[in-house]
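Protein chains in written order, with this note's numbering: chain E, 1 to 115; chain G, 1 to 116. Virtual Cβ for every residue (Gly too), placed ideally from N, Cα, C. The block underneath contains the structure these notes are about, expressed in structure tokens.
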Amino acid sequence: AQSVAQPEDQVNVAEGNPLTVKCTYSVSGNPYLFWYVQYPNRGLQFLLKYITGDNLVKGSYGFEAEFNKSQTSFHLKKPSALVSDSALYFCAVSSLNNAGNMLTFGGGTRLMVKP
Amino acid sequence: SAVISQKPSRDICQRGTSLTIQCQVDSQVTMMFWYRQQPGQSLTLIATANQGSEATYESGFVIDKFPISRPNLTFSTLTVSNMSPEDSSIYLCSVRIAQGYNSPLHFGNGTRLTVT
């Protein structure tokens, strides 16, 4: 079975500082990894994905994520946080070995960016 | 991407009643899914809505409680039947636009359901 862990329920960062939201995963086979953001009273918005190739992937709104196979991690990063980045962030994983190709989501991390 | 419209956006319902949630997509999509997000929790897949056949339910979810329709490639409904307060959640419709395991899901804005 595949799983995703987001070890931090909440991350606090000051505006202008770099931010990291952590994600580790477990799958059999090669992972497909995704980050989503959820603003209040909204559905999830796709930010970025890793399928293959470069370990550093760039996505929407200046976010990027680094795939680390040896550590089975896919941490979300941004060099300079904005107050408007405050939201709930979800990491998700899938793989070819997953029958039905369902996405498994982590528990979510609330990012709070303070002015 | 696609525009995914969910109705209603929120509702307050009494115990024992049923609510049908609609999901309309502005383009034809192969795969549509229904997720539940309980308060303060992550997303849990309820079922895959299959066009022209019965939905495929995940463990812990049954058709009698969550009947799903998918009459065509742009529309689906999820009914929450005989509701109890434990059904209070956000229900999210999602679609996969591109073929392939590595394509992302796109989500509607969700239906926030409160059962009293």
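Item	Value
Residue burial classification, residue 184 of chain E (beta-carbon count within 10 angstroms, cutoff 16)	Since the first residue shown for chain E is 1 and the last is 115, residue 184 of chain E is missing from the structure and cannot be characterised.
Cutoff 6 Å; reference residue 80 of chain G; Cβ partners in own chain excluding five residues on either side	19 and 87
Delimiting residues of the beta strand (DSSP E) encompassing residue 18 of chain G	That residue, residue 18 of chain G, is in no beta strand (DSSP E); it is neither H nor E in DSSP.
Burial state of residue 69 of chain E (16 or more Cβ within 10 Å)	exposed
Within 8 Å, strictly: CB atoms of residue 21 of chain G and residue 56 of chain G	no
C-beta neighbour in chain E for residue 42 of chain G, strict 8 Å	yes
Chain E within 8 Å of residue 61 of chain G, Cβ atoms only	no
Exposure label - residue 30 of chain G; buried when at least 16 CB within 10 Å	exposed
Boundaries (first-last residue) of the beta strand (DSSP E) holding residue 112 of chain E	109-114
Cβ of residue 52 of chain G within 8 Å of any chain E Cβ	no
Closest Cα partner of residue 49 of chain E within the set E:40, E:39, E:38 and E:66	E:66
Residue 38 of chain G versus residue 114 of chain G: straight-line alpha-carbon distance, rounded	11 Å
Close Cβ partners of residue 88 of chain E (< 6 Å) along its chain, the five nearest in sequence each way excluded	38, 108 and 110
Burial state of residue 61 of chain E, where buried means 16 or more other Cβ atoms lie within 10 Å	exposed
Length of the line joining the Cα atoms of residue 32 of chain G and residue 106 of chain G	10 Å
Candidates G:43, G:47 and G:24: closest to residue 8 of chain G by CA position	G:24
Per-residue contacts from residue 104 of chain G into chain E (C-beta, under 7 Å)	34, 46 and 49
Min CB distance residue 72 of chain G to chain E below 8 Å	no
Counted within 10 angstroms of its Cβ, other Cβ atoms place residue 10 of chain G as buried (16 or more) or exposed	exposed
Cβ-Cβ distance between residue 95 of chain E and residue 31 of chain E below 8 Å	yes
Within-8 Å CB hit, residue 111 of chain E to chain G	no
Sequence-distant residues of its chain with Cβ nearer than 6 Å to residue 34 of chain E (five each side left out)	49 and 92
Buried versus exposed call for residue 52 of chain E [16 or more other C-beta atoms within 10 Å across all chains shown]	exposed
Nearest-angstrom Cα separation, counted from residue 2 of chain E out to residue 27 of chain E	4 Å
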